[in-house]
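See structure below.
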Amino acid sequence: MPEEVHRAIRVRAAMHGHSTAAEVRGILEQAARPEGKRRTIYLDRQEHEVLPAFSGRILPFDLDASRAYSDLMTGARKAGKAIGKADGYIAASALARGFAVTTRDTSPLEAAGLTVINPWK
Numbered sequence: 004m005p006e007e008v009h010r011a012i013r014v015r016a017a018m019h020g021h022s023t024a025a026e027v028r029g030i031l032e033q034a035a036r037p038e039g040k041r042r043t044i045y046l047d048r049q050e051h052e053v054l055p056a057f058s059g060r061i062l063p064f065d066l067d068a069s070r071a072y073s074d075l076m077t078g079a080r081k082a083g084k085a086i087g088k089a090d091g092y093i094a095a096s097a098l099a100r101g102f103a104v105t106t107r108d109t110s111p112l113e114a115a116g117l118t119v120i121n122p123w124k
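Count along the sequence shown from 1, add 3, and you get the number used in this note's numbering.
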């Protein structure tokens with residue numbers, strides 16, 4: 004796994020000890036484009052190495068998160084702010100638990116009213 008990908012996953016885990024499985028999978032899928040042997044290896048490693056390493060620290064998108072998502076997206080639309088679905092899911096998972104989010108892409112999560120940590124700055 005390239006060091007940049009490995010570092011992105013470690014940083015997310017280190018800041019709060021929590022992440023989302025979808026976000027980790029997204030990082031791996033982007034790093035493993037186009038489809039082929041490399042992608043298969045990365046996704047296999049996610050299932051058998053990465054996810055077990057995060058056991059107990061992967062946030063579910065549960066009822067509390069779905070309520071936060073609905074409130075968040077409705078509020079963003081009313082305020083004229085654009086928050087994509089994926090960022091909305093991440094923001095809602097964090098909001099429902101009172102967590103901050105670690106990311107380079109700070110603007111949509113700041114628009115959601117979250118505390119955002121950008122370790123690359």
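Where is the CB? At the ideal position from N, CA and C, for every residue including glycine. Keep in mind that this is a model prediction, so the values were computed, not measured.
Under the three-state DSSP convention, the category residue i falls into
i	result
T43	helix
I61	strand
I93	helix
T105	strand
A120	Sequence check: residue 120 is Ile here, not Ala. I120 falls in the strand class under three-state DSSP.
P55	helix
G78	helix
From the options, residue whose alpha carbon lies closest to that of residue i
i	options	result
L117	G83, T43, K81, Y72	Y72
A56	V104, P111, R107, A24	A24
S96	L54, Q33, M76	M76
V27	R70, A85, A89, N121	A89
K84	I120, S110, T105, G39	S110
Distance CB(residue i)-CB(residue j) smaller than 7 Å
i	j	result
A99	A79	no
A94	L112	yes
L62	Q49	no
Exposed unless 16 or more other CB atoms sit within 10 angstroms - verdict on residue i
i	result
D47	exposed
G91	buried
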